[in-house]
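To start, the structure under review is shown below, and the notes come after it.
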Amino acid sequence: MCLAIPAKIVELLPDDQARIDLGGVRKEVSLALVEDVAVGDYVIIHVGYALTKLDPEEAAKTLALFAELDDEARAAAMAQA
Amino acid sequence: MKYVDEYRDGELAQGLAAAIAKEARPDRRYHFMEFCGGHTHAISRYGVTDLLPANVRMIHGPGCPVCVLPIGRVDQAIRLALKHNVILCTYGDCLRVPASDGLSLLKAKARGADIRMVYSSADALKLAQENPEKQVVFFAIGFETTTPPTAVAIKQAKAMGLQNFSVLCCHVLTPSAISNILESPEVRKLGTVPLDGFIGPAHVSTIIGSRPYEFFAEEYRKPVVIAGFEPLDVMQAIRMLVRQVNEGRAEVENEFSRAVSREGNLKAQNLVAEVFELRRAFEWRGLHTVPYSALRIRGGFAEFDAEQRFGENYVSVPDHKACECGAILRGVKRPQDCKLFGTVCTPENPIGSCMVSSEGACAAHYTYGRYRDITSVRD
Ligand code: SF4
């Protein structure tokens, strides 16, 4: 039930609703809990509501951190070999 | 899918695993609780445990909304449907939770009760509009992620002047459950549940922010790292926890910064505060009665409170004697410690609530973990 997914806003609709794209599947969700959402933004969807916007910069930073670690680990593995 | 696949990359997972193995000191053990059922599911599904060194152990927490729902609450919903003839609607996961007299909502439906599954609180509202001759009750469960949607539905019902819509409010609060675990004798006195830190919930934290966890870090000296629900998020959080423990720190760190801020979602928080207030006490499965751990509907919205409208009070009912859900939810036992696991109790025929939802510890272990036990026995 807690499983919620990031989805892209493709169209803003009346009454605080929006259409999202979920890997090709279109669905209508409520924007009643979020502010300043625009087409192209990614939001986390849960039980039919957008809970929050995703911050693309922070997302990239987290990914960069994983990759950095990966390089470190690989270097360590090579050194061992 | 964007923001999903990148966080499931197998090669990066190996890199993170190597980093954890390097940082975890061989001379000590690390015990971390993942509070949330979403994390339990991710850990089981992606085999995160297999990637961790033997001295880093994950303990399942009570953050699965269906699992912590006591039998008496499901009974209450069933009574509303069978005795008061309402259309009772709820999220899909609730339907198979075992209740008293061998019933569940699904079995009550077979007996003629009008039980419907909804995907969202908005669907419940729609049912009320479409069935003006019937009373519609939304059995609302869940932590801080499902509470704001329920608040929106109640406010809309009031704005529309709906006379046939009400809510059986069973919303519970994450910080109260964490306090309850930290205060439990197993953690505080007996030491039977060693706890070196928490992985904080992903989506709950998008709403409440990271600030509420600061108390646990300060007061109980337990590190908390809020993590996203993808496997790499969980592994990165474990690595951050290992590092905090090694450095003797107990702080709140945020791995899920792409969605969680310190303040959280203020719009959602205000909606919740407008519609709900604290319940003085609420019974949880496994944690017993926890003071100020749940919400009820405020006086201004009393007409939408199903408990008041139908006068159906909560009656506490003990769990099935052999079911270990309670101990599992407190981190004291593991699914494989239950005698009924995988034999009498399966996802098709659940005896306890932890076997119902895919986020439940028993269901997650049944689906993804039990073959591993078999191989380790063969080894
Ligand atoms: S296996 Fe079934 S009976 Fe045993 S603890 Fe889990 S849910 Fe309860």
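Residue numbers (the working numbering), protein chains in the order written: chain A, 1 to 81; chain B, 82 to 460.
From the three backbone atoms N, C-alpha and C, an ideal C-beta is built for every residue, glycine too.
These numbers were taken from a predicted model, which means no experiment stands behind them.
Consult DSSP for residue i and reduce its assignment to one of helix, strand or coil.
i: Met139 (chain B); result: strand
i: Pro56 (chain A); result: helix
i: Glu28 (chain A); result: strand
i: Gly223 (chain B); result: strand
i: Cys406 (chain B); result: helix
i: Asp21 (chain A); result: strand
i: Ile289 (chain B); result: helix
i: Ile101 (chain B); result: helix
i: Arg459 (chain B); result: Low local confidence applies: a pLDDT of 38 at Arg459 (chain B) is under 50, so the model's placement there is unreliable, and no value is given.
i: Ile9 (chain A); result: strand
i: Cys117 (chain B); result: strand
i: Asp446 (chain B); result: The sequence given here places His at residue 446 (chain B); Asp does not occur at that position. DSSP places His446 (chain B) in helix when its eight states are reduced to three.
i: His112 (chain B); result: strand
i: Leu93 (chain B); result: helix
i: Leu276 (chain B); result: coil
i: Ala205 (chain B); result: helix
i: Asp41 (chain A); result: coil
i: Gly380 (chain B); result: helix
i: Asp467 (chain B); result: As shown, chain B starts at 82 and ends at 460. That puts residue 467 (chain B) outside it, with no answer to give.
i: Gly144 (chain B); result: strand
i: Met82 (chain B); result: coil
i: Ser185 (chain B); result: coil
i: Lys239 (chain B); result: helix
i: Ser463 (chain B); result: Since the first residue of chain B shown is 82 and the last is 460, residue 463 (chain B) is not available in this structure.
i: Lys61 (chain A); result: helix
i: Leu313 (chain B); result: helix
i: Arg177 (chain B); result: helix
i: Pro229 (chain B); result: helix
i: His122 (chain B); result: helix
i: Tyr88 (chain B); result: helix
i: Gly63 (chain B); result: The shown model of chain B, from 82 to 460, leaves out residue 63 (chain B), and the question about it has no answer.
i: Ala162 (chain B); result: helix
Using a Cβ-Cβ cut-off of 8 Å, state whether residue i counts as contacting chain A.
i: Ser457 (chain B); result: Because the pLDDT at Ser457 (chain B) is just 44, under 50, the model does not fix this residue reliably, and the value given afterwards should be weighed accordingly. No, Ser457 (chain B) lies away from the interface with chain A (no Cβ there is under 8 Å from its Cβ).
i: Ala375 (chain B); result: no
i: Arg339 (chain B); result: yes
i: Pro275 (chain B); result: no
i: Thr35 (chain B); result: No statement about residue 35 (chain B) is possible, as the shown extent of chain B runs from 82 to 460 and does not include it.
i: Met82 (chain B); result: yes
i: His446 (chain B); result: no
i: Asp460 (chain B); result: Residue placement at Asp460 (chain B) is poorly supported in this model, since its pLDDT is 37, which falls under 50; the coordinates are not used for a value here.
i: Val233 (chain B); result: yes
i: Asn245 (chain B); result: no
i: Glu87 (chain B); result: yes
i: Ile288 (chain B); result: yes
i: Asn346 (chain B); result: yes
i: Glu130 (chain B); result: Residue 130 (chain B) is actually Thr in this sequence, not Glu. No, because no Cβ of chain A sits closer than 8 Å to the Cβ of Thr130 (chain B).
i: Pro134 (chain B); result: no
i: Tyr200 (chain B); result: yes
i: Gly384 (chain B); result: One point to set straight first is that residue 384 (chain B) is Glu, not Gly, in the sequence displayed. Not one chain A Cβ lies under 8 Å of Glu384 (chain B).
i: Gln325 (chain B); result: no
i: His141 (chain B); result: no
Looking at the strands, I want to know which residues DSSP matches up with residue i.
i: Phe422 (chain B); result: B:Cys426
i: Asp195 (chain B); result: B:Ile168
i: Ile307 (chain B); result: B:Gly281, B:Asn335
i: Val218 (chain B); result: B:Leu169, B:Ser247
i: Tyr49 (chain A); result: A:Ser30, A:His46
So, under 8 Å CB-CB, residue i and residue j are touching, yes? Tell me the CB distance rounded to an integer number of Å.
i: Gly412 (chain B); j: Ile152 (chain B); result: Actually they do not touch by this definition, with Cβ atoms about 21 Å apart.
i: Ala158 (chain B); j: Phe220 (chain B); result: 5 Å
i: Ala123 (chain B); j: Glu311 (chain B); result: 7 Å
i: Leu187 (chain B); j: Leu176 (chain B); result: 5 Å
i: Val149 (chain B); j: Leu410 (chain B); result: 6 Å
i: Val356 (chain B); j: Ala232 (chain B); result: 4 Å
i: Val305 (chain B); j: Gly278 (chain B); result: 7 Å
i: Ala94 (chain B); j: Leu133 (chain B); result: Contact flag wrong, Cβ pair sits at about 11 Å.
i: Ala18 (chain A); j: Ile44 (chain A); result: So it is not a contact: roughly 13 Å between Cβ atoms.
Which bits of chain C does residue i rub up against, with CB to CB less than 7 Å?
i: Ala203 (chain B); result: Of the protein chains in this structure, namely A and B, none is chain C.
Is there at least one Cβ from chain B nearer than 8 Å to residue i's Cβ?
i: Val34 (chain A); result: yes
i: Gly23 (chain A); result: yes
i: Pro6 (chain A); result: yes
i: Asp41 (chain A); result: no
i: Glu58 (chain A); result: yes
i: Ile44 (chain A); result: yes
i: Leu12 (chain A); result: no
i: Leu38 (chain A); result: At residue 38 (chain A) the sequence reads Ala, which differs from the Leu that was named. No, no contact with chain B.
i: Leu67 (chain A); result: The question names Leu, yet the displayed sequence has Ala at residue 67 (chain A). With 8 Å as the cut-off, Ala67 (chain A) counts as an interface residue toward chain B.
i: Cys2 (chain A); result: Here Cys2 (chain A) scores only 46 on pLDDT, less than 50, and its place in the model is too uncertain to base an answer on.
Taking 7 Å as the line, does the beta carbon of residue i fall inside it for any heavy atom of the ligand MN?
i: Ile235 (chain B); result: Looking for the ligand MN in the displayed structure turns up nothing; the ligands present are the ligand SF4.
Task: Contained alpha helix (DSSP H) runs [length at least 4] in the region 242-271 of chain B, N- to C-terminal order - done: 255-264, 266-269
Open item on the list: For a minimum of 4 consecutive residues, which ranges assigned as the alpha helix (DSSP H) are wholly contained in the region 318-378 of chain B?
Closed with: 347-356
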